[in-house]
Structures are given as structure tokens and as C-alpha cells.
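Notes follow the structure.
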Amino acid sequence: MESTWFKSPPAISFSSSSCPKPRDCLTVRASIRGELMKDGRGNPISLRCVQAQQSSVSHDGDSNSELKIKEWEVGKYQDEIAASQGIRIRRRPLTGPPLHYVGPFEFRLQNEGNTPRNILEEIVWNKDKEVAQLKERKPMYKLKKELENAPPVKDFIGALKASYARTGLPALIAEVKKASPSRGVQIAQAYEKGGAACLSVLTDTKYFQGSFENLEAINRAGVKCPLLCKEFIIDAWQIYYARTKGADAVLLIAAVLPDLDIEYMIKICKIFGMATLVEVHDEKEMDRVLGIKGIKLVGINNRNLETFEVDISNTKKLLEGERGRIICENDIIVVGESGLFTPEDIAFVQEAGVKAVLVGESLVKQSDPGIGITGLFGRDISS
Ligand SMILES: O=P(O)(O)OC[C@@H](O)[C@@H](O)c1c[nH]c2ccccc12
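All residue numbers for the sequence shown refer to this note's numbering, where the first residue is 49 and numbers rise by one.
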């Protein structure tokens, strides 16, 4: 049967002006997924926007595609809000909702931008699909049940502080990069023996050849270092999932997530006792993140995730002046991330103000990761 959507497009405008409270729309997307019925400040969210729009939706079409259309619409709002915060990464391609839908003319015009503009955007678009499939297989209610058997949480920030106090050097978060689960466990154990305070485990498979199996195996092997789940998190579901696999901390990338999402995800992590490493790459992202409540751990990525270029002076640049002062006053721990290879590099970022470093490449280059750690710091930091 021909859809009424096709004949008469609904009276939906995608500009924020049709919605008096764009923040509500952002959270509505989560509530459609059944995850969130309160806003970032704990107030019940208003479903006004969706309700208003639903009243203009024909009920001839099946409710599934209506829901998909709703999700797409709210996703549009989400991208608008993100763009207003200077976020260049779009959460999904501009392809419209289900094929039979012909949207307002202005949006058909915009639909030209269906190719990702850079690698980060491509990763995020793929992640969006991947997470949707995973969620179908394991809906939230099942995941919540599994949480009851999740391994106990380890204190990520406490481990960083203890290591810094012990060695006087930035605490090491050593990254387990692409590896089979058995090799991943060996590497993790060698990092721990070599003096790493915490471990980062890449879990993205498509682009980084990591896996959640690695995370789970390292946790099961009894490694004592707290574990950071290094994932492209775009949905709270992933945090729950990471916890069931033994994550003690998650990475939140400011280039991808709007402030409200970061705030909301920090709250979820807090409830679980997990830490959040909020990653920034430029001044604008740093300023946004410093304005978010509950920030304790900020990572400065020296690698631009849009181009993959690395420049370690980025860490220094972002810690100068007023920003450095705010960080000190608020007792925020800064992690220097990427491109660190030598004791001089470590000294450079320490001088700039970091109390921890996240290192992958330079450690895995060595056949023995323990020797890699000694080479990186210029001395044995294991005891
Ligand atoms: O291997 P390096 O240059 O030492 O970098 C490690 C880590 O900082 C890097 O893997 C990283 C930092 N942030 C990310 C976000 C996504 C993927 C990877 C990363």
C-alpha cells in the first residue's frame, strides 16, 4: 500500500524553532530507546516535541517505520545541537529516514552530504550501525541483568594518583592495541609487571583491530590494573556493555559527544563507580569540557582524529594560562595521549602539567613491553 507519508509530507520542521526546548529533544532520542526518562539534571523530560510531532503523523504506516522516522528526526536535532557547540562530527549520514519518506524540500537538498568528511566521522557512522545491531541482540533489560554478575570495579583515578605519588613521574596508562585475546593477556601482564598504573584496551574491531574479548580476557586473567575501555562511545548502552566486560573506565570523545551527553554519561559511570576519561584535542573542546560538571580526568590527544596527525606540543598549548589554572584549582588530572616515545617526550608533557600518560605505539614496538616501559621513562618504574 502506498504510504500516506509519500503523498503528504508531515508538518514537521527540523529547525530548532519548531521545538521550544532542543535539550528535551536530545534526551527524547534516548527515551525512545528506553534508556532515559530524566534529563541530565534529573528532571523528568518533556515529551512535548515528540508528542506534537506524532499528532501530525499518519497512523496508516506501520509503527516501526514511524518510530524510525522519529528517531531520525530527533537525530537531526541532536546534530544541530552538536553543531551549535562547534562539534564538526555528524552522528550519522544525512540520508533520510525510511526509503518511502520524502521529506520537506530543504532536507532533500541537504541529503547530498552522505559521505563522511573524515575518518572520525566514518568511524562514528559505522559505530552507530554497529551499536544499533548489538542493541537489537542484547537489549537494555538483558544487559542490566548481566550487570549483576559484572566483575567488581577497580579505582582507576586512585591507581593513577598512587602511581604518580610513588614514582614522581606521570602515571602510565599502557594501551593494549591489536592482539588476539591470548596475546592481549600476555601484553597486559607484562605492562602490569613493568609498572603501568592502568591499562587501556582498544575494543573497536573494524578500525583498530581491538575487541571486547580482549577486555574480558584481560579482566578474567586477574590483572590488577584498572581497565579503560577504549571505544568510540556514542550511546549509553555501550557503557553498560563495557561494565559487563570488566571496564573500570571509559573514554568519552568531546569531538563526538555534545556536552549534555558527556554530562549524562559521566553520571551513569559515577553510579557504576567507573571513571570517565574525557578526551579533547583543541582549545574549544577543552573549554567546553572544563565547563562540564563532574569532570575529574581529561585527556589531551596529541593525535588529531580527523587527520591522524600527531603533535605533542598540543598538550602544552592546551594547558597554558587560564586553562591550566582552572585545571589546577579543580584538581583535574590531565592525561597526555598519543605520540609519546622517549623520556624527553615524557618530561615535556610532565612539565606542561600532565599527571598521567596514555601510550600504545612506543610500547608495542618492543618485543618485551616491560623493556618498552623502561625505555619510555628512562628508568625502571616497576617498584
Ligand atoms: O599509540 P599512541 O600514539 O601511543 O597512542 C595511544 C592512544 O593515545 C591512542 O590510541 C588514542 C587516543 N585517543 C584515541 C581515540 C581513539 C582511538 C585511539 C586513540
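Virtual Cβ for every residue (Gly too), placed ideally from N, Cα, C.
Treat the numbers as computed from the prediction; the structure is a model and nothing was measured.
Residue pairing by DSSP places Val337 in no beta bridge whatsoever. For secondary structure counted as the alpha helix (DSSP H) over 4 or more consecutive residues, the segment 221-306 holds these complete runs in sequence order: 229-241, 260-268 and 284-292. Inter-segment contact for the segment 382-397 and the segment 186-202 is absent: fewer than three beta-carbon pairs are separated by less than 8 Å.
Residue Glu240 holds the alpha-carbon nearest to the alpha-carbon of Val224 among Glu240, Thr215, Ala210 and Lys209. DSSP places Gly384 within a strand segment (E or B) once states are collapsed to three.
Thr163 has its alpha-carbon roughly 42 Å from the corresponding atom of Gly418. Beta bridge pairing from DSSP links Thr324 with Val298.
Annotation for Ala198: Arg291 and Thr292 place their beta carbon closer than 6 Å to its own, counting only its chain and skipping 5 residues before and after.
Per DSSP, Ala404 is not a residue of any alpha helix (DSSP H); the beta strand (DSSP E) it occupies stretches across Ala404 to Val407. Taking 7 Å as the cut-off, one finds no heavy atom of ligand 1 near enough to the beta carbon of Gly342. Contact between Ser415 and Phe389 does not hold, since the beta-carbon distance rounds to 16 Å and is not under 8 Å. Here DSSP, grouped into helix, strand and coil, assigns Ala219 to strand. When distances are taken from the beta-carbon of Ser410 to the heavy atoms of ligand 1, the shortest one is below 7 Å. For Leu345, the enclosing beta strand (DSSP E) covers residues Leu345 to Asn349. Exclusion of the five residues before and after Lys226 leaves Leu250, Phe256, Gln257 and Gly258 as the residues of its chain whose Cβ lies within less than 8 Å of its Cβ.
Taking each of Ala244, Arg214, Arg231 and Gly206 in turn and checking the Cα distance to Ala222, the smallest one comes out for Ala244. Bridge partners of Val412 according to DSSP: none are assigned. Of the candidates Glu121, Ser132, Tyr312 and Met322, Glu121 places its Cα closest to the Cα of Pro141. Residue nearest to Ile429 within the set Ala210, Gln234, Lys118 and Leu275 is Ala210 (criterion: CA-CA distance).
Proximity of the beta carbon of Glu385 to ligand 1 is indicated: a heavy atom of the ligand is located closer than 7 Å.
Taking a C-beta distance under 8 Å as the contact criterion, Ala303 and Leu168 qualify as a contact pair. Taking the Cβ of Ile301 as the reference point, at least one heavy atom of ligand 1 falls within a distance shorter than 7 Å. Cα atoms of Ala400 and Leu366: separation of roughly 9 Å, rounded to the nearest angstrom. Across the set Ala404, Leu424, Leu338 and Tyr212, the C-alpha of Leu338 shows the shortest separation from the C-alpha of Arg373.
For Val172, same chain residues with a beta-carbon under 7 Å away, outside a window of 5 residues either side, are Ile137, Arg139, Phe280, Ile282 and Val304 in chain order. Sorting Tyr289, Asp335 and Ile421 by C-alpha distance to the C-alpha of Met322 places Tyr289 at the top. In this structure, the alpha-carbon of Arg185 lies about 24 Å from that of Asp296. In the same chain as Glu194, and ignoring 5 residues on each side of it, the C-beta atoms closer than 7 Å to its own belong to Thr292, in chain order. Distances between the C-beta of Leu366 and the heavy atoms of ligand 1 are all 7 Å or more.
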